[in-house]
Structures are given as structure tokens and as C-alpha cells.
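Notes to accompany the following structure.
2 protein chains.
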Amino acid sequence: MTPHPARDREPASKERLRLWLKLLKLSSGVETELRRRLRDDHGTTLPRFDVMAALSRHPDGLKMSDLSGYLKVSNGNVTGIVDRLTEEGLALRVAVPGDRRAQIARLTPKGHRAFASLAEYHEGWIDDLLGRLTPGDARSLTRLLDKALMCGVDDDLT
Amino acid sequence: MTPHPARDREPASKERLRLWLKLLKLSSGVETELRRRLRDDHGTTLPRFDVMAALSRHPDGLKMSDLSGYLKVSNGNVTGIVDRLTEEGLALRVAVPGDRRAQIARLTPKGHRAFASLAEYHEGWIDDLLGRLTPGDARSLTRLLDKALMCGVDDDLT
DNA sequence: CCAATTTATTTCAAGCTTGAAAATTCCAGC
DNA sequence: GCTGGAATTTTCAAGCTTGAAATAAATTGG
């Protein structure tokens with residue numbers, strides 16, 4: 007009668023639902039705070055930070071499609087974000103020699119400097135926001151999260 | 007010299023950063039999949055689901071401001087979402103007797119039925135997406151997440 | 001009763017996000 | 001060389017999100 011009865015494992019499914027709500031509360035809480043600090047203290051946004059982080063790891067630049075692949079966002083999305091980073095003088099597009107369709111996005115020197123500074127703040131913020139966890143807690147959590155990720159959700163960066 | 011040196015606890019901060027990346031990967035992976043299923047299989051969105059969930063817990067309805075408080079989103083945001091739920095016949099606004107400024111949003115009977123169905127699917131999806139975790143893993147994770155939440159991030163629903 | 005403040009909601013501009021459609025360009029096979 | 005399909009990016013409409021400004025109504029203090 008019900009769509010997904012799961013009558014024979016009610017406790018496990020409720021336990022996982024409770025877990026999901028906690029997971030969501032923590033990650034969206036941290037994320038909201040990161041967005042706030044990026045905006046209020048540094049005049050930027052999380053999407054721009056994410057794009058800069060990806061470009062920072064690839065000093066020679068990334069094709070737009072590779073960039074959207076790394077970040078797991080749509081092509082049209084990175085178009086707009088790179089547009090804005092370009093307006094701010096933090097990124098630029100360069101043509102790909104052998105392929106007139108493609109563009110390579112890369113950070114400007116100013117973009118590299120800006121990201122280096124942001125990245126240090128970012129690490130400090132995370133250390134602050136997750137500061138209640140001991141290094142041992144963090145390792146335990148990471149191990150359990152790895153187990154959850156093993157196949158349940160497809161892989162990407164890092 | 008650096009903004010947040012943390013020179014004397016480099017390992018701990020790196021450990022927490024690694025943890026944050028895993029946490030983000032899992033929660034955004036699950037969230038993306040939830041959005042996809044809500045859209046493709048049920049023609050709705052996660053924000054609408056969240057609003058319906060909050061209203062479902064309060065059969066007599068919630069003032070718009072209480073609703074945005076529960077969900078921790080802006081006032082203007084819920085205005086638009088409730089507008090769309092109303093267009094779909096899933097929610098409605100009723101006047102508050104003693105206060106002509108306030109409005110109470112509540113689910114219609116159709117809205118209650120729709121949410122009841124969605125909620126069952128939702129629980130099944132979570133059970134599926136986190137299925138690699140045993141109930142014991144889930145409890146361990148929940149406990150560690152609770153510790154992280156104890157003060158690092160402010161509290162809300164649940 | 002009136003003015004000032006507070007409270008509740010909506011409106012608005014800007015940005016993020018997606019999937020689909022459009023515009024280019026490349027390439028494989030003929 | 002052509003032609004058709006694949007690949008790359010941009011454009012677009014729709015929706016979500018925010019914070020600030022605008023509206024409107026209630027409350028508080030003379």
C-alpha cells in the first residue's frame with residue numbers, strides 16, 4: 007500500500023533518517039557560515055571560491071567543461087561565474103590552440119593572490135567551526151563518511 | 007604573516023579540513039540526488055518539500071515569519087515558495103484573527119496527502135542512499151555529529 | 001488621540017542553479 | 001571536399017536565495 011513500506015527494517019531506516027537530518031544540519035550550518043564570512047568579510051561568494059579553488063589547483067587553466075565536471079555543476083553555471091570573476095579581474099579566458107570551440111579559464115596573478123589569502127582564512131574557519139571535534143573524532147568521522155560514500159554517492163574531486 | 011597561521015596545530019586543522027570535504031561531498035551528493043528524484047519522479051522541489059514538511063508538523067498552520075524561522079531561510083524566500091505551493095493547490099494562507107499584518111500558511115487536504123506520500127518516498131531514498139552504513143555506524147556517526155553541533159553551529163528544527 | 005517605534009510581510013535586485021535549446025566548431029566517413 | 005553527428009560553449013527561462021527597502025498594521029508613550 008505505501009510506496010516504500012520497509013516494514014521489516016523500520017528501525018534502521020529511522021536511524022538513517024535521523025542521521026541524515028544531523029548531517030544536513032551540520033553541513034548546511036557550516037556552509038551558511040562560510041557564505042556569510044566570504045560575503046561580509048571578503049566580498050565574495052562560495053561559488054566563486056569553489057571555482058577559484060579548482061583553478062588554483064590547475065595553474066595552466068581548465069577547459070570550461072572540465073571545470074564544470076570537477077565542480078559537478080552545469081556548463082551554463084560556470085559560464086556565469088567565470089564571467090563575474092573575469093569582470094573582477096580574478097580570472098580570464100584564453101583560446102585553446104587546436105580547438106576554436108574550447109576556452110581555457112585560468113586565474114590571473116591577482117586571482118592567485120586573492121585565492122591564496124581566502125584559502126588560509128577558509129582553513130581557519132573550518133578549524134574553528136569543527137573545533138569541538140578532536141583529531142581522533144575527526145578521523146573516526148572521516149572513516150565513517152568514507153564508508154557511506156563508498157558507492158552510495160558517486161565520486162568527484164579531492 | 008598569514009591570516010590564520012595555526013602553526014602549532016597544523017595537523018589538526020588539516021584533519022578537520024579533510025573531514026569537511028568528505029562531509030560536504032556526502033551531504034551535497036545526497037541532496038543533489040534528493041532534488042533529482044523530487045523533480046524527475048514527483049514534479050516538485052526540495053524547498054517546497056521542506057516547507058510542506060514544516061507545515062505538516064503544524065496542522066493548524068504557521069505564521070510566515072515562524073515558517074522562515076523554522077527553516078532558517080529569509081522571509082522573502084518563504085513568500086515565494088508559499089506562493090507557488092498555493093498556485094498548485096497544496097497550501098493556502100489564512101488571516102490571523104487578531105492581527106491584520108500576519109498570515110498563517112497551512113497545507114490544504116491535497117497538500118497533506120501529497121506530503122504524506124513524498125515523506126514515505128523520502129525516507130526510502132535516505133535509507134537507500136545511506137544504505138552502506140549499518141545501524142551501528144549510523145548511531146556512531148550521529149553521536150559524533152551531535153558533538154560537532156554542540157555549539158559550533160546554532161540549533162534549529164528536528 | 002497622536003507620534004514613534006516595532007513587528008509582519010511583501011517586493012525587489014542581484015546572484016546562483018539547472019536543463020534545454022541554440023550556435024559554433026570539430027571530426028569521421030564517404 | 002562534403003555531410004552528418006559529436007563536442008564545446010553560451011544563452012535562456014524558471015526557480016531558489018539573500019538582504020535591503022517598502023508597506024502596512026500593531027503597540028507604546030506621551
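Chains as they are written, first to last, in our numbering: chain A, 7 to 164; chain B, 7 to 164. Glycine included, C-beta positions come from ideal geometry on N, C-alpha and C.
Any beta-carbon of chain A closer than 9 Å to the one on residue i?
| i | result |
| --- | --- |
| M156/B | yes |
| K116/B | no |
| A108/B | no |
| I132/B | yes |
| S146/B | yes |
| D152/B | yes |
| G137/B | yes |
| P1/B | Residue 1/B lies beyond the residue range present for chain B, which begins at 7 and ends at 164; the question has no answer from this structure. |
| E129/B | yes |
Determine the contact status of residue i and residue j, defining contact as a CB-CB distance below 9 Å.
| i | j | result |
| --- | --- | --- |
| L61/B | L52/B | no |
| L151/B | L23/A | no |
| D66/B | I110/B | yes |
| L5/B | W131/B | The requested residue 5/B does not occur in the structure, where chain B is confined to residues 7 to 164. |
| L95/B | T114/B | Note that residue 95/B is Gly in the sequence shown here, rather than Leu. A contact, by the Cβ cut-off of 9 Å. |
| V57/A | V100/A | no |
| E37/B | L30/A | yes |
| R112/B | R54/B | no |
| L147/A | K78/B | no |
| L135/A | G49/A | no |
| R138/A | A154/B | yes |
| A125/B | A59/B | yes |
Quick one: does residue i have its CB under 9 Å from some CB of chain B?
| i | result |
| --- | --- |
| G67/A | no |
| R13/A | Its pLDDT being 45, under 50, R13/A is placed unreliably by the model, and the measurement read from it follows with that caveat. With 9 Å as the cut-off, R13/A does not count as an interface residue toward chain B. |
Applying the 10 Å Cβ sphere with the 16-neighbour rule, what's the burial state of residue i?
| i | result |
| --- | --- |
| G82/B | exposed |
| D133/A | buried |
| A144/B | buried |
| E129/B | buried |
| E166/B | No answer is possible for residue 166/B: it lies beyond the span of chain B, which begins at 7 and ends at 164. |
| D162/A | Since pLDDT at D162/A reaches only 42, below the 50 mark, its modelled position is unreliable, and the value read off the structure follows with that caveat. Exposed, since its Cβ has fewer than 16 Cβ neighbours within 10 Å. |
| G142/A | exposed |
| S123/A | exposed |
| V102/B | exposed |
| G117/B | buried |
| M7/A | For M7/A, the predicted structure reports a pLDDT of 48, less than 50, and the residue's modelled location is therefore unreliable. The matter cannot be settled from this model. |
| M70/A | buried |
- Task: Select from the segment 18 to 39 of chain A all residues with a C-beta closer than 9 Å to any C-beta belonging to chain B, and list them in chain order.
- Result: A18, S19, K20, E21, R22, L23, R24, L25, W26, L27, K28, L29, L30, K31, L32, S33, S34, G35, V36, E37, T38, E39
- Closer than 8 Å, Cβ to any Cβ of chain B: which residues of the segment 47 to 75 of chain A, in chain order? none
- Message: Ignoring anything shorter than 3 residues, give me the beta strand (DSSP E) runs that lie fully in the segment 91 to 147 of chain B, in order along the chain.
- Response: 97 to 102, 105 to 113
- Unbroken alpha helix (DSSP H) runs of length 4 or more, entirely within the segment 14 to 92 of chain B: which are they? 16 to 48, 52 to 62, 70 to 77
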